[in-house]
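One structure is given below, encoded as structure tokens.
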Amino acid sequence: MSNKILGRDAYWMNFYGLMLLTLIEVAAVGADLGSTAEGIGMTERQITLWILTVIAIPKFIMIAAIFMHLWGENDSGILTLTALFPAFFIIIMVLFIGMTHPDGGTSLPDWCRPGTYGL
Amino acid sequence: MGERAVSRRLALISLMAIAMIVVPAVTSLPSGISGVKDTGCNCHGTEADPSVTASISGLPESYNASETYNVTVSFTGGPAIDGNANLGGFNLWASGGTLATQDSSTQLWGPSEASHTSEGNDQRSWSLVWTAPESGSDVDFILHTNSVNGNEGDGGSSGDMWAKAQVKVLGFGAAELPEADPFKVLATLIMVSGVLLSIVVLYVFYRNNPEGFEWQRFAPWITEWLTSTDHKKIGTLYFVQGLFFLGVGGIMALMMRVQLASPGNEFISQDYYNQFFTLHGTTMIFLAAMPLIAGFANWIVPLQIGAPDLAFPRLNALSFWLQPVAALLIFTGVFSGAGADTGWTGYAPYVVTENTHAGVSMWAAGQIMLVASSTLTGINFLTTMAVMRAPGMGWFQMPLFTWSILVANLMLFLSIPAFGVGLIQVYLDRTIATAFYDVASGGDPLLWSHLFWYFGHPEVYVVIVPAFGVISEVIATSARRSIFGYKSMVYAMAGIGLVSFIVYGHHMFTSGMSPALRFITMLTTMLVAVPTGIKIFNWLKTMHGGSLVYRTHTLWTLGFLVTFTLGGISGMFFPSMALDVHLHETYFVVAHFHYVLVGGTVFGFFAAIYYWYPKMTGRMLDERLGVLHFLTAFISYNALFWPMHRLGVVGMIRRTHTYYITTDDFQALPEWAADWNMLISVSAFLFFASNLLLVVNMIKSLIRGEKAPADPWGGWSFEWMTSSPPPTPSFDPHNLPELKDANEHVANEPSRLGQMFRRLMVDDDASEGGSH
Amino acid sequence: MSADYHDHDDHHPSPWGPHDWGHGAPHNSWSPLILSIGSGMFLLTLGGLFTFGEYDGRYLPMVFVSLCVMAAALIVWCRQDMSFDGSYEPRSVGVPFKNIQIRKVGVWVFLMSEMMIFSSLFSTYMRYRQGIPRCDTVFESGDWVEGVAVTCFEPASKLIASSWWHIAPGAINTFALIISSFTVVQALRWANKPVGSVDEEVRRKRVYRYLAATWCLATLFLTLKMIEWFIGFHVPEIGFLGLHEHDIHSLYSEGYLINNDHYQAHHYVDEATGAHMVANIQVSATLFYVTTGTHGVHVFGGIIGLTYLTYKAWTGAYNPQSAVSIEYFGLYWHFVDLVWVLVFPFFYLY
């Protein structure tokens, strides 16, 4: 409760931050990124996906850390570990189920294509 | 005992008698043997040739018992006779009676199968003697004849032509026997079991207080059971449910064994057989094994960790009550005549096609409720074990049974959401016609297999790991020493739990999934043997260092060690992909998983029943009946499942309602397969009957058993410190027991991991735990 | 087995009514049994209502009955909890959760299972998204024939992200969920203010108003979802916006449906020949509706919980001693928000 971000109340700061990031997300989809994408050799859809994924991560952390009290409380450390416990099982699931479609190989980058788990 | 009590008892007995009479009589007689495959002779071309005509003469329209008939088999047509080195051959098979040769032109391939000899291949007609059976059932004769041209140069078979003839000889009287709908038999048996169960419930209510028996007291008594949130009562309810469905699943298995007792049998058609093995699997895993485990977990875990109750008692009640309702949904198909017929694995896309029986929707719905139940159980037990251990009981002072329940619940809890999501997908596909597994729309059937086995493989460890815990408890108590290698036991269980999530692909080796995944799961599956082996050797070493007391639960534990090890060894054939492709879908698989599930889980939980029954009820079980139960069950169990290995290796296929030992069909099994199958079926009945001894023992001991002391076996974990049966709440919440250790300074020394945890933990003097 | 109902209990809490929390953990309750029967009936009758997409209205009354049974069970459950004032809040002993409230640990364990549920749904999505070619790729490749449906993946974002107006309901929903997360923590903050530092009447009003605001935002979320899925809306003529279209169609009226194997969209017309590409988009629609629908069901569950919390807050039951209940609900609610953080970009934008 006594947490502060930049000297302001943590809940409010978090709230402003989340609103800002969501606005950026919506804008990234609406804006025409075609020329930027060509500049770095990607399609517009790819660059949108990257922007969305990259923004989702801080949003995720902000909600978990501030609103769910995984930062700055007495019990934050141990509850963060609890929350991270399923990570291994989620990774296994995503790798084994999400990324092994028999036809999926062609649309994946090399490093996660079925058959090339670096083996 | 008052006169009134006697009259009540008589009333109950007459009620039981009336129920037995009113319930429709069961008529289940096989309709005889038929259905020999007609793929014909595969060494002389695959298609029958119409220019050849085979015939059998000398057979009567209907036969007399044990009478002897002269049979002549012959054929006409085919390649020209002139100049041929050989003329032809035949194969005759009869479904009953015995055949005998008359001269050297014929030979016998079995009591009821005959063929020509090399001397007899220059003729087109052969004579045999057939002795009719005594039974009076219809007999089928199947004749294959081959008209050959004798050209030996090119393998001898080009230009050969064959034909088939089939003759039915009526028996006397067998034809009038009515056929029974297997589902009626099953439904009747389930209802009889249900009636018996209710009678037992009423009887228990009566025995509860025979002197003050009054019907007015029945409502509050039953209300107490229906609404209770006490972990011991809920444990008992789980236990009753588990044993009831163990019986129901057993009955289904027996009916399947009746069907498989002889080759070509038609007692249960393929359509019904599909439903029987589906419901057998689902019942045994979800409605028998899991509730039995949950029952013991409910009873013993809070007692072993010194907690007054579970963390969330009302959620616990919800976990239980979801189960009987789910069971009703799963069985709706049986009572409406169209049960689920997909196998317990319910493979897509068949499971979502309209060709399946209507019961599949409710089968999925019932399992969705079981998923909800298991999730709630998981929340409850994980939280309880993490937060409610008595003072002084660190993680590495927890008894091994509690550890096993912790590991099992963790596996179950993290894997079952995948299954739940898969089931909801199937349920939605079948109701509102979503397209998850609609192949025409691009749906991927393998996705279901992935989601199912992501759950399914941890699930099979979920049912075996608690048995490990039981065995560890029993063997330590019986050997009168602490378990050998406590920490390695814990790490082994945790290792099994972790590895279980990355091995599931071995169920899908033949499915065409990603080759890399196949390779990974092959390696990790072989890894499973390591922690399991550690556990086996620890148990052996515990016995080696101790001095074993042979009680019934000790015997079951020793039985477990033998059968589970055998099951584990047969399991090590499967990770090898090449061997798996051969053994896939054969009875070798059936033998393997019954060796680990029955010889492992069920034996383990029989040990648990004998071990903890005195604690639960305050009455000792009868040891003589117990030993008799063990001996009969152990022998019949091995006779039941051991031959299946051999049948599997020679290619007997599972999930198929019958098998053939004759005709030249290449799928036919050797003749001895029929004898082994008969042995298996007989043993199945013996195994079922011997388990009734346990039920008798439990009921008898409940009424007249010797009063049990608090610690009958000399165990030293917390549950033996309470009275038998324990009070409610199990421990006084304001005065919890404390675990003391003689080597306290060593035992409470935190490990490196423990030191890390300690840095993260909330201090005792923190204001109001988190100060929001 | 020989327990007599009246023997060992010196107080007699009714299995229907409020618990006596002063004596520790809850005693007897009809709620679990009734809830189980209700949910069983619901699944049974839902299976009767729809069979492979065939609707049979005869089962509709039974579906309502089963929902009522479940509601009754929940009311019993909540009624028993109304008397909870925070005096019974056991804390963990031992490593590693020492001194943390047991129920809080329970909620976090529950969230683990929720994480696995949504991982399964996302794995399903990834598998299909990678395995099935996109409709516009197929269209551009020209590998299709007029009149023959091709199976391809048409993400909902193709329709939703096509204009600012189409994306408006989803975008507003995103903000609604973030704001509602914020109002929940504000309610918790007011409930937690130390006794004496704040007027109790002010506390009561603040807490229940913040919770009521959360309730309204959650309801707004589901309403907008219905508009986006089924209803659509009309944009009035506003000069400076220079709109091309005034009727914003719902996904339903665009034909984005789970049973549509002959999907035609205006942008799949070959301008040279005038031929239409017809697509089977059942899998894409299924994934969209079921994944966002699962999230919607979680929001609905949150609304039920909020109804109870708001009512209890209105009676003034929340104070620093009992405020943790709001926190436990909040954990669930923030998790639902977290899931939306992932669902929104991958189902609505990408």
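So the protein sequences, as listed, match chains U, C and R.
Numbers in the working numbering are just positions in the first sequence, counted from 1, shifted up by 278.
Numbers in the working numbering are just positions in the second sequence, counted from 1, shifted up by 4.
Numbers in the working numbering are just positions in the third sequence, counted from 1, shifted up by 186.
Yeah, the Cβ is synthetic: ideal placement off N, Cα and C, and Gly gets one too.
Review point. Could you give the distance in angstroms between the alpha-carbon of Ser378 (chain C) and the alpha-carbon of Leu416 (chain C)?
Key: By one-based count along the second sequence, residue 378 (chain C) stands at place 374. By one-based count along the second sequence, residue 416 (chain C) stands at place 412. Each residue's alpha carbon lies about 7 Å from the other.
Review point. Chain U beta carbons: is any one of them nearer than 8 Å to that of Val4 (chain C)?
Key: Outside the displayed span of chain C (5 to 776) sits residue 4 (chain C), for which this structure offers no information.
Review point. Residues of chain U with a CB under 8 Å from the CB of Leu766 (chain C): which are they?
Key: Translated into positions along the second sequence, residue 766 (chain C) becomes position 762. A small correction: the amino acid at residue 766 (chain C) is Val; Leu does not occupy that position in the sequence shown. Result: Asn352, Asp353, Ile356.
Point to revise | Helix, strand or coil at Gly92 (chain C) [DSSP, three-state] | key: Start at 1 with the first residue of the second sequence, and residue 92 (chain C) comes out as number 88. Strand, per DSSP.
Exercise for review: Please confirm if Phe293 (chain U) has its CB atom under 8 Å from at least one CB of chain C.
Suggested key: The residue you call residue 293 (chain U) lines up with position 15 of the first sequence. Proximity of Phe293 (chain U) to chain C, defined by a Cβ-Cβ separation below 8 Å, is not satisfied.
**Study point:** At least 3 beta-carbon pairs within less than 8 Å: the segment 382-391 of chain R vs the segment 302-319 of chain U
**Key:** Using a C-beta cut-off of 8 Å, the segment 382-391 of chain R makes no contact with the segment 302-319 of chain U, since fewer than three inter-stretch Cβ pairs fall below that distance.
Exercise for review: For the alpha helix (DSSP H) holding Asn446 (chain R), just list the boundary residues, first then last.
Suggested key: As a first step, residue 446 (chain R) is located in the third sequence; it is residue number 260 there, counting from the start. Careful: Asn446 (chain R) lies outside any alpha helix (DSSP H) and carries neither H nor E.
Review point. Contact between the segment 133-152 of chain C and the segment 73-84 of chain C: three or more CB pairs below 8 Å?
Key: Segments in contact, yes.
Review point. Would you say Pro201 (chain R) reaches chain C, if we count a Cβ-Cβ gap shorter than 8 Å as a contact?
Key: Along the third sequence, read from residue 1 onward, the residue named residue 201 (chain R) stands at position 15. Using a Cβ-Cβ cut-off of 8 Å, Pro201 (chain R) counts as an interface residue toward chain C, since at least one Cβ of chain C sits closer than that to its own.
Practice item. May I have the straight-line CA-CA distance separating Arg128 (chain C) from Pro64 (chain C), to the nearest angstrom? Key: Along the second sequence, one-based indexing puts residue 128 (chain C) at 124. Along the second sequence, one-based indexing puts residue 64 (chain C) at 60. Taking the straight line from one Cα to the other gives about 22 Å.
Point to revise | Opposing strand residues paired with Gln287 (chain R) [DSSP bridges] | key: In the third sequence, the residue the question calls residue 287 (chain R) occupies position 101. R:Arg277, per the DSSP bridge assignment.
Check your understanding: Out of curiosity, what's the CA-to-CA distance linking Gly82 (chain C) and Tyr67 (chain C)?
Key -> If you number the second sequence from 1, residue 82 (chain C) lands on position 78. If you number the second sequence from 1, residue 67 (chain C) lands on position 63. Looking at the two C-alpha atoms, the distance is approximately 32 Å.
Point to revise | Boundaries (first-last residue) of the beta strand (DSSP E) holding Ala79 (chain C) | key: For the purposes of this step, residue 79 (chain C) is identified with residue 75 of the second sequence, where counting begins at 1. Rather than Ala, the amino acid found at residue 79 (chain C) in this sequence is Phe. Residue range 72-80 is occupied by the beta strand (DSSP E) that includes Phe79 (chain C).
Review point. With a CB to CB cut of under 6 Å and the five nearest residues on each side skipped, what residues in its chain are close to Trp519 (chain R)?
Key: By one-based count along the third sequence, residue 519 (chain R) stands at place 333. Excluding residues within five positions, the ones whose Cβ falls inside 6 Å are Val370, Gly488.
Review point. From Thr621 (chain C) to Arg555 (chain C), what does the alpha carbon distance come to, in whole angstroms?
Key: To locate residue 621 (chain C), count along the second sequence from 1; it is residue 617. To locate residue 555 (chain C), count along the second sequence from 1; it is residue 551. Computed Cα separation, rounded: 18 Å.
**Study point:** Identified DSSP bridge partners for Ala465 (chain R)
**Key:** Here residue 465 (chain R) refers to the residue found at position 279 when the third sequence is read from its first residue. Residue pairing by DSSP puts Ala465 (chain R) in a beta bridge opposite R:Val336, R:Tyr449.
Check your understanding: Ends of the alpha helix (DSSP H) at Lys168 (chain C)?
Key -> Stepping through the second sequence from its first residue, residue 168 (chain C) is reached at position 164. Boundaries around Lys168 (chain C) are those of the beta strand (DSSP E), 165-173, since no alpha helix (DSSP H) includes it.
Exercise for review: Could you spell out where the beta strand (DSSP E) holding Thr105 (chain C) opens and where it closes?
Suggested key: Looking up residue 105 (chain C) in the second sequence gives position 101. Unbroken beta strand (DSSP E) run through Thr105 (chain C): 102-105.
Review point. So, using beta-carbon positions, are Thr286 (chain C) and Met256 (chain C) closer together than 8 Å?
Key: Within the second sequence, the letter at position 282 stands for residue 286 (chain C). Within the second sequence, the letter at position 252 stands for residue 256 (chain C). Not closer than 8 Å, so no.
Review point. In the DSSP assignment, what are the bridge partners of Tyr241 (chain R)?
Key: On the third sequence, residue 241 (chain R) is found 55 positions in, with the first residue counted as 1. Paired residue(s): R:Phe236.
Practice item. Determine the closest residue to Pro421 (chain C) out of R:Pro282, R:Met301, R:Leu232, with distance taken between C-alpha atoms. Key: For the purposes of this step, residue 421 (chain C) is identified with residue 417 of the second sequence, where counting begins at 1. Distance check between Pro421 (chain C) and each of R:Pro282, R:Met301, R:Leu232 places R:Met301 closest, using alpha-carbon atoms only.
Check your understanding: Exposed or buried, which one is Phe368 (chain R) when buried takes at least 16 other CB atoms within 10 Å?
Key -> Here the question's residue 368 (chain R) lines up with position 182 in the third sequence. Buried, by the Cβ-count rule.
Practice item. Can you give me the Cβ contacts of Leu241 (chain C) inside the same chain, cut-off strictly under 6 Å, excluding the 5 residues immediately before and after it? Key: As a first step, residue 241 (chain C) must be located in the second sequence, where it is residue number 237. A distance below 6 Å between beta-carbons, with the five flanking residues on each side excluded, links Leu241 (chain C) to the following residues of its chain, in chain order: Phe324.
Check your understanding: If we count the other Cβ atoms within 10 Å of its Cβ and call it buried at 16 or more, is Ala582 (chain C) buried or exposed?
Key -> As a first step, residue 582 (chain C) is located in the second sequence; it is residue number 578 there, counting from the start. Burial call: exposed.
Point to revise | chain R contact for Val332 (chain U) (CB, 8 Å cutoff) | key: Along the first sequence, read from residue 1 onward, the residue named residue 332 (chain U) stands at position 54. For Val332 (chain U), the answer is no, since every Cβ of chain R falls outside 8 Å of its Cβ.
Review point. What separation, rounded to the nearest whole angstrom, lies between the Cα atoms of His343 (chain R) and Leu535 (chain R)?
Key: If you number the third sequence from 1, residue 343 (chain R) lands on position 157. If you number the third sequence from 1, residue 535 (chain R) lands on position 349. The amino acid occupying residue 343 (chain R) in the given sequence is Ser; His does not appear at that position. Straight-line Cα distance between these residues: approximately 5 Å.
Check your understanding: Can you list the residues of chain R that Leu327 (chain U) reaches, using a CB-CB cut of under 7 Å?
Key -> Residue mapping note: residue 327 (chain U) aligns to position 49 of the first sequence, counting from 1. Under the 7 Å cutoff, chain R gives Tyr536.
Check your understanding: Which residue spans inside the segment 264-334 of chain C form an unbroken alpha helix (DSSP H) run of at least 4?
Key -> Listed in chain order, they are 274-286, 294-309.
Point to revise | Neighbourhood of Thr472 (chain R) by C-beta distance below 6 Å, restricted to the same chain and skipping five residues each side | key: Taking the third sequence and counting its residues from 1, one reaches residue 472 (chain R) at position 286. Same-chain partners within the cutoff: Ile444.
**Study point:** Simplified DSSP state of Thr31 (chain C), which is helix, strand or coil
**Key:** Indexing the second sequence from 1 puts residue 31 (chain C) at position 27. Only weak support exists for where Thr31 (chain C) lies, its pLDDT of 30 falling under 50; the coordinates are left without a value.
Review point. Which whole-angstrom value is the C-beta distance of Ile487 (chain C) and Arg393 (chain C), which I expect to be below 8 Å?
Key: By one-based count along the second sequence, residue 487 (chain C) stands at place 483. By one-based count along the second sequence, residue 393 (chain C) stands at place 389. Taking C-beta atoms under 8 Å as the contact rule, Ile487 (chain C) and Arg393 (chain C) fail to qualify, at a distance of about 18 Å.
Exercise for review: Could you name the residues of chain C that Met302 (chain R) contacts, counting a contact when the two beta carbons are closer than 7 Å?
Suggested key: What you label residue 302 (chain R) is simply residue 116 of the third sequence in a count that begins at 1. Close partners of Met302 (chain R) in chain C (Cβ separation under 7 Å): Leu418, Pro421, Ala422.
Review point. If you draw a straight line from the C-alpha of Pro54 (chain C) to the C-alpha of Ser99 (chain C), how long is it?
Key: By one-based count along the second sequence, residue 54 (chain C) stands at place 50. By one-based count along the second sequence, residue 99 (chain C) stands at place 95. Distance between the alpha carbons of Pro54 (chain C) and Ser99 (chain C): 25 Å.
Exercise for review: Go through its chain and collect everything with a Cβ distance to Ile409 (chain C)'s Cβ below 7 Å, but skip five positions before and after it.
Suggested key: In the second sequence, the residue the question calls residue 409 (chain C) occupies position 405. Ala301, Val305, Phe385, Pro470, Gly473, listed in sequence order.
Exercise for review: Have a look at the DSSP bridge pairing and note the partners of Ala58 (chain C).
Suggested key: Here residue 58 (chain C) is taken as the residue at index 54 of the second sequence, counted from 1. DSSP lists C:Phe79 as partners of Ala58 (chain C).
Review point. By DSSP, does Ile657 (chain C) sit in helix, in strand, or in coil?
Key: What you label residue 657 (chain C) is simply residue 653 of the second sequence in a count that begins at 1. It is a strand residue.
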